Structure formats: structure tokens, C-alpha cells
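Undergrad:
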Amino acid sequence: MGLDKRKRQVLYAIVHDYIQTAEPVGSRTISRRYELGVSPATIRNEMSDLEEMGYLEQPYTSAGRIPSDRGYRFYVDFLLRVPSLTQQEIELMKRVLSLRMSSAEEIVQQLAKLLSALSNYTAIVLGPSQVQARLRQVQLVPVSSRQIYLVGVTDGGLVLNRMVEIPVAVEVESLAYLQQWLNQRLAGLTLEQIKATSLAELQHDMRISIDLFEAIVNELLGGLKQPEAGKVYLGGTTNILNQPEFHDLQKVRTILELLEEDTLVWEAIAQVAGKGVSVSIGTENPLSAMHDCSLITAEYQLGGGLVGHFALLGPTRMNYERVLALVQGVCDTLNQLYGM
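The working numbering applies: residue 1072 is where the sequence shown begins, and numbers increase by one.
1) Based on the DSSP output, what are the partners of tyrosine 1304 in its beta bridges?
2) Is the CB-CB distance between leucine 1312 and valine 1323 below 8 Å?
3) Let's see if you can read the secondary structure: which residues bound the alpha helix (DSSP H) around phenylalanine 1284?
4) Helix, strand or coil: which one does DSSP assign to arginine 1217?
5) Residues in the same chain with beta-carbon distance under 6 Å from arginine 1115, minus the five sequence neighbours each way, listed in chain order, please.
6) Hey, could you find the ends of the beta strand (DSSP E) phenylalanine 1381 is sitting in?
7) Going by the CB atoms, is the gap between threonine 1193 and glycine 1307 shorter than 8 Å?
8) Mapping DSSP to helix, strand and coil, what is leucine 1329?
9) Have a look at leucine 1283 and histidine 1318 and give me their C-alpha separation to the nearest angstrom.
10) Taking C-alpha atoms, which residue in Val1348, Gln1208, Glu1106, Tyr1248 lies nearest to valine 1394?
11) For glycine 1135, which residues in the same chain have their Cβ closer than 6 Å to its Cβ, ignoring the five residues on either side in sequence?
12) Note down the Cα distance separating glycine 1125 from arginine 1205, rounded to an integer number of angstroms.
13) So who's on the other strand from asparagine 1232, going by DSSP bridges?
14) Could you have a look at glutamate 1370 and say whether DSSP puts it in helix, strand or coil?
15) Could you round the C-beta distance between leucine 1413 and leucine 1211 to whole angstroms and report it? I think they count as a contact, below 8 Å.
16) Can you give me the start and stop residues for the beta strand (DSSP E) that isoleucine 1090 sits inside?
17) Taking only three categories from DSSP, how would you classify leucine 1246?
18) Out of Ile1085, Asp1120, Glu1392, Gly1294, which has the shortest C-alpha to C-alpha gap to glutamate 1176?
19) Considering only the beta carbon of each residue, do leucine 1185 and histidine 1380 sit closer than 8 Å?
20) Just to confirm before moving on: does the CB-CB distance between leucine 1189 and leucine 1168 stay below 8 Å?
21) Taking a contact to mean a Cβ-Cβ separation below 8 Å, would you say alanine 1396 touches valine 1153 in this structure?
22) Report the option in Ala1360, Leu1327, Gln1321, Leu1292 whose CA atom is closest to the CA atom of threonine 1309.
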């Protein structure tokens, strides 16, 4: 059975109000705060109908109503209105998520911190699937005799920009020769192949310092390192403590213990995640420890074929409109930065 316009309005008002206050919502509250054009008695009747249909619950006698998992699902699927992010939030995302300022490993960590800070929920980022990124180009820019600016680019567009202190003084001509040598010998190799490159052929070339070569290669391998597949990165783990639903110590302990189990978290997200944005509410989550929670997941791409998922975990009373705006903003920002 579908919901008519008035029932939709009442359900939206209850979900919206409960998300903001964490208090059961009564008919007089709806009548006062939302312009529905009907009396509290009419609203009360609609609330009773919605409860009978499974969209609302009454936590205790004489209280108002709160949404059920089914009520939240209808709200997410048909009623919510996703707002636009502010220009400041968009610029913050671009600044933090730009791989041109960090390694891929650092970006995944920053993504978790950014999402948790902007949402006030717990962010979970799964390390992307491992692919064989290949070095495309190296550029060495002299800054001083003992300092160079290193630029490394993979075939997937992953960029490393880093100031490097070098172990030996080097002249501009020698640096140019080394840059040419690196591009001729290392371009097209995977990072693992570069790591295994023999230094034997360098030993007969007096124009290249082995110490300098090793310093640059180590910076390349470290800066272009891909996040570990199967690893879970968390942000704002203690944010769950700020939610009224989790003032119960047993509930908190259950969630925190779950978040310590990377394999369980990975499998739970993998089961509900899809290609786009997915919302899993309450008992829709595969683990019983998450049955009081909602999980919003999305796919991310970092260039070079690196693909993973991130999620925001909060109570079922999650601010879905805000979280979906943030998730879409992150996806859009990564798409703009890396052209996926």
C-alpha cells in the first residue's frame, strides 16, 4: 500500500524532526513546526495509520512517534531533499583530496579524516584494490647542490611532488643526465619492477651516483605507494559516542569492537556497496552489531585503476540529507581531480 500526499508530509516531518532532536515527535509539534494546513487531531490520525503500516514506532506509552527502519527507508528513497554543499566545503574537499599534494596512502587517510570531520559520524575507507601502476615520467628540478624537487607520474595519473634532500652534492648537468637515464630505463616499469631494478649497470657509469639513484628511487616508491588492499582506514571512531542512541555502554562497546575487526568491516561494506551510492538502514546491514546503525557507502577512484569504497557509519537517526550531500561531493571532487 502506497502513501498519499498527507501521509508523506507527516512522515517527512517526523523523520526530519527526530533527526534534529532525537526526541519522539508528537502531533502538536508537527502542527506547530510544519505548515501542513491540518489540525493536530488529523495529524494524530495520520500518525496512527503510519504506525499500523510499519513506518512509525511508539517507544513508550503517551510518547510521540519515531521512525522505524521502514520509515527511514521510505524517507531515503522518496522524500529527502539533498542540499548543495557550500563553496567553502567544495574547496576544502578539493584541497584535501588532491593527490598532487600527497601519496595515495595519505589521500586514503585524509579521506577518512575529512568525511568524519564534516559529518560528525564515523568514516570507514577500504584500501583500494591493488593494480600494477607503471611509472610514466620522472622530472628532477635542481633547487640547490644538495636539494632537488622530484616529480613522478604514473600511467594512471598519480602524481608525486616532493622536495628531496640528496646525500651528495650534484651539478645541474649530472642531474639532467640522471633524469634522462631514469626516463629511459624505468619508464613503463611497475613500482615492484623498479624496486627490483639491479644497480649493476650503474656501477660502470661514473656519471651517476648510486647513493643519489637510491635516494630518488626510494622517494618514488614511497610517494607513489598504493594503499594496502584489504586494509581499513577509520576516521572519527569516537564520534559515535556523541550520539544519544549510543550512551548505552554495551552498544558502544559492540560497535567499537566491531571497528577493530578489519575483516568483518570489509566484508560488511563489500556486501552492501554497489557501483554508486548505497544506503543500508538498521537490520538491512549484514552484521547484527550494525542493526542500530545506518551505513552509507560509495565507490571511489584514485587514478591508475585504484578503486575502493568508503562509508559513513552512524545511528539510523542519521542526517541522511547532509551525509548524502557530502558523499556525492566527495565523488564529484575525485571525478574532477582525476577524470574518472
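A virtual CB, placed ideally from N, CA and C, is assigned to each residue, including glycine.
The structure displayed is predicted, hence computed values, not measured ones.
TA: In brief:
1) Val1196
2) It is a contact, given that the beta carbons lie within the stated cut-off.
3) 1281–1294
4) Coil, per DSSP.
5) Ser1098
6) From DSSP, the beta strand (DSSP E) with phenylalanine 1381 extends over 1378–1386.
7) Against a cut-off of 8 Å, the Cβ pair of threonine 1193 and glycine 1307 comes out as a contact.
8) helix
9) 56 Å
10) Val1348
11) Pro1095, Val1096, Gly1097
12) 54 Å
13) When beta bridges are read from the DSSP output, asparagine 1232 appears opposite Val1222.
14) strand
15) Here the chain comprises residues numbered 1072 to 1411, so residue 1413 is not present and cannot be evaluated.
16) Note, isoleucine 1090: premise wrong, no beta strand (DSSP E); alpha helix (DSSP H) at 1076–1092.
17) helix
18) Gly1294
19) Histidine 1380 is positioned such that its CB atom lies no closer than 8 Å to that of leucine 1185.
20) no
21) yes
22) Of the candidates Ala1360, Leu1327, Gln1321, Leu1292, the one whose C-alpha sits nearest the C-alpha of threonine 1309 is Leu1327.
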